Structure formats: C-alpha cells, structure tokens
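Taking numbering that gives the first Met the number 0, I'd label the letters of the sequence shown as residues 0 to 312.
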Amino acid sequence: MEYWQLQQRQSLPLEAKIIMTKRRIREWYEYWDGDVYVSFSGGKDSTVLLHLVRSIYPEVVAVFSDTGLEFPEIRDFVKQTDNVIWLKPEMNFREVIKRHGYPVISKEIACTIEYGRLGSKWAIKRLNGEHNFGNHKKYKYLLDAPFSISDKCCNEMKKKPFKTFESKSGLKPFIGTMASEGGQRTSGYIRTGCNAFNSKNPKSNPLGFWKEEDIWEYINTFNVPYSNIYNIGYHRTGCMFCMFGVHLEEYPNRFQRMAITHPKQYKYCIENLKLGEILDYLDVPYRLYQNNVIGEMKKDVTGKPYEQLKFNN
0 MEYWQLQQRQ SLPLEAKIIM TKRRIREWYE YWDGDVYVSF SGGKDSTVLL
50 HLVRSIYPEV VAVFSDTGLE FPEIRDFVKQ TDNVIWLKPE MNFREVIKRH
100 GYPVISKEIA CTIEYGRLGS KWAIKRLNGE HNFGNHKKYK YLLDAPFSIS
150 DKCCNEMKKK PFKTFESKSG LKPFIGTMAS EGGQRTSGYI RTGCNAFNSK
200 NPKSNPLGFW KEEDIWEYIN TFNVPYSNIY NIGYHRTGCM FCMFGVHLEE
250 YPNRFQRMAI THPKQYKYCI ENLKLGEILD YLDVPYRLYQ NNVIGEMKKD
300 VTGKPYEQLK FNN
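Below you can see the structure in the form of structure tokens.
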C-alpha cells in the first residue's frame with residue numbers, strides 16, 4: 000500500500016469506514032475459523048473495536064492485560080464488560096524499571112539510549128546525528144543520565160502476557176490501533192494493511208485507517224458505553240505512569256492532571272517510584288501551580304463539560 004491510499008481511506012465518511020472495517024473483521028474471523036479474540040484495553044479505540052466485532056460475532060472473547068498501571072476508571076469499565084479474560088504480567092512496573100529502566104521520551108529514543116550505552120554503532124550514529132534513519136542528537140545528553148532507560152516496559156507488561164495467551168489458546172488478535180497515531184503505526188499499516196495474515200505475529204487491525212474523530216462519531220451515533228475517564232479531562236489513557244511523550248504536552252500535562260484527579264497514584268509514582276526525579280532531569284514540569292484553574296478547557300472531545308477543578312499544591 001502507498002501512503003496516498005491510506006490518506007484516501009482516512010478521508011472516507013464513517014458509514015463507508017464501518018462497511019470496510021466489518022469486511023476486514025469477517026475476513027479475519029473466517030480465515031482463522033473463529034479462533035480469534037479482541038485485545039481490549041478499556042480505552043475508547045478498543046471499546047469501539049469490541050462493539051464492531053461483537054455486532055457480527057457476539058461470542059468473541061475480549062482479553063485485558065491487568066498491568067496495575069491502568070486508571071481506576073478503566074479497570075472499573077473493563078469489569079462491567081462481558082466475557083473478558085484478565086491477564087497478569089510476570090513483573091510489575093517497579094520491577095520493570097528496576098531491571099530494565101525508565102520509559103522516557105519515546106520507545107525509539109529509549110531504545111536508542113539503551114543500546115547507545117551498550118556501545119551499539121547504529122545507536123551512537125543516531126545520537127551523533129549521523130544516521131540516515133534517525134537524528135536523535137538532541138537526546139544524546141541522556142547517555143549520561145543517572146538512571147537506567149529502556150523501551151521494554153510495554154513488552155514486559157503487555158506484549159509478553161498476550162503472546163503467552165496466544166500460544167496457549169491458539170487465538171489470533173484483533174487490535175484497535177490507528178495509523179493516524181503516527182510513527183511506527185503509520186508505517187506498519189502501510190506495510191501490512193488491516194489484516195496481517197502472513198506476519199510473524201499475525202494480527203488484524205481493522206480500525207487502522209480510522210481517525211480519532213471517527214471513534215467519537217461512532218460512539219455518539221451508536222450510543223456505545225465507554226470509560227468515564229474521558230469525562231474528567233483525559234483524551235488518552237494508556238498506562239498511568241508512562242513518560243513517553245509527556246515532554247510534548249501542554250499544561251496541564253498528564254502528571255499535573257493526575258495530581259488533581261488521582262492524588263494517591265500521583266504521590267506513589269512521583270515519590271515512591273521516583274518519577275519526580277526523572278521528570279526533573281528531563282526538565283518536564285509535574286507540580287501544580289497555586290490557584291490555576293482548567294478554565295480555558297471548557298469541553299473535552301466527547302462534547303461534555305469538564306468539572307472546574309482548581310490546582311492545589
């Protein structure tokens with residue numbers, strides 16, 4: 000597939016996208032004789048995916064990895080969803096960062112720093128700005144950071160549990176990622192399209208050509224229940240303590256928001272897991288500023304108003 004073909008699919012109206020997505024779902028289901036499952040995070044994308052799959056095949060199981068890093072609202076929503084298998088990673092987040100390192104900047108940068116510290120030539124070239132496939136010179140300072148850095152968190156806490164499940168069950172996954180999220184997801188979708196039948200790790204990505212506005216349009220059109228986390232100001236959920244991408248966020252970033260909405264978890268990650276020290280080194284703010292109010296953010300992407308929450312130190 001060419002990039003222009005992805006853009007063409009992304010420009011389709013929702014009705015056409017639903018038709019195409021259901022066609023891909025049927026192809027995947029029939030190819031594997033129904034031995035499939037939905038990778039379910041409890042977030043809006045996988046919620047829409049599960050709704051679409053079960054609109055055709057109501058019996059398909061959903062599988063959730065309980066990493067311990069999910070927002071309480073996400074876990075509560077998953078508990079309310081029928082026919083969900085819960086997986087448990089072998090290591091918790093504290094063990095992962097102790098053994099491998101902290102997830103900072105992005106998966107690509109964290110991986111580059113980790114290998115750069117091991118003397119990898121390709122990593123050093125990227126950090127020196129000499130590599131054709133990535134100029135990471137601005138992050139070279141992280142080679143001297145007084146803490147370990149790694150991209151292995153997601154692999155340990157999500158990929159490994161799902162891989163073990165697939166090996167034991169023989170089921171093949173539907174996943175809810177979208178190319179519009181950028182980076183590797185765009186290139187991955189262009190390479191394989193929706194259904195990667197012949198991939199080393201076969202998977203179906205039937206929402207690959209959707210955009211975030213399509214997700215909310217679908218939810219509103221079909222009145223699909225979703226986690227309340229989106230009604231308190233979070234546009235993205237994911238793992239609560241993950242630092243990937245936080246350096247790009249405007250005020251209030253995910254940690255500043257967490258201090259308001261989930262103070263117990265905020266205190267634990269900033270102090271006990273020492274994320275405060277990491278964020279200080281990255282020059283990323285995480286503390287709240289007295290008397291500021293989320294006043295300019297009147298509504299979230301669902302169209303529902305935020306509560307007027309004050310930032311208290």
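Where is the CB? At the ideal position from N, CA and C, for every residue including glycine.
Since this is a predicted model, take the numbers as computed values, not measurements.
Let's see if you can read the secondary structure: which residues bound the alpha helix (DSSP H) around residue i?
| i | result |
| --- | --- |
| S64 | From DSSP, S64 is part of no alpha helix (DSSP H) but of the beta strand (DSSP E) over 60 to 64. |
| R235 | Segment: none, R235 is in no alpha helix (DSSP H) and carries neither H nor E. |
| T80 | Here T80 belongs to no alpha helix (DSSP H), and DSSP marks it neither H nor E. |
| D279 | 274 to 281 |
| Y265 | 262 to 266 |
| V52 | 43 to 55 |
| E212 | 211 to 221 |
| W27 | 13 to 30 |
| L5 | 2 to 9 |
State the start and end residues of the unbroken beta strand (DSSP E) segment that holds residue i.
| i | result |
| --- | --- |
| Y36 | 35 to 38 |
| W85 | 83 to 86 |
| F173 | 171 to 173 |
Can you name, in chain order, every residue of its own chain whose Cβ lies under 7 Å from the Cβ of residue i, other than the five neighbours on each side?
| i | result |
| --- | --- |
| Q264 | M239, M257 |
| G67 | N91, F92 |
| Y2 | I189 |
| G169 | D34 |
| A31 | Here residue 31 turns out to be Trp, not Ala, going by the sequence shown. Excluding sequence neighbours, W31 sits near K171. |
Near residue i, what residues of its chain come up, given a Cβ to Cβ distance below 6 Å and the 5 sequence neighbours on each side ignored?
| i | result |
| --- | --- |
| Y188 | A178, G207 |
| V47 | I214, Y217 |
Quick one: residues in its chain with C-beta nearer than 8 Å to the C-beta of residue i, no 5 flanking neighbours on either side, listed in chain order?
| i | result |
| --- | --- |
| K159 | P88, E89 |
Since residue i and residue j should fall inside the 8 Å C-beta cutoff, what is the C-beta to C-beta distance between them, to a whole number of angstroms?
| i | j | result |
| --- | --- | --- |
| F70 | T236 | 6 Å |
Exercise for the section: Could you tell me whether the stretch 72 to 88 touches the stretch 110 to 117, where touching means 3 or more Cβ pairs closer than 8 Å? Expected result: no
Handout entry: Stretch pair the stretch 137 to 145 + the stretch 6 to 18: three plus CB contacts closer than 8 Å
Key = no
Handout entry: Inside the stretch 171 to 201 only - beta strand (DSSP E) runs reaching at least 3 residues
Key = 171 to 173
Practice task
For the stretch 42 to 61 and the stretch 184 to 199, state whether three or more C-beta atom pairs, one from each stretch, are separated by less than 8 Å.
Solution key: no
Practice task
Note down, one range per segment and in chain order, each alpha helix (DSSP H) of at least 4 residues found wholly within the stretch 85 to 160.
Solution key: 92 to 98, 106 to 116, 120 to 126
Problem - Inter-stretch contact (C-beta, 8 Å, three-pair minimum) for the stretch 269 to 286 and the stretch 95 to 108 - result: yes
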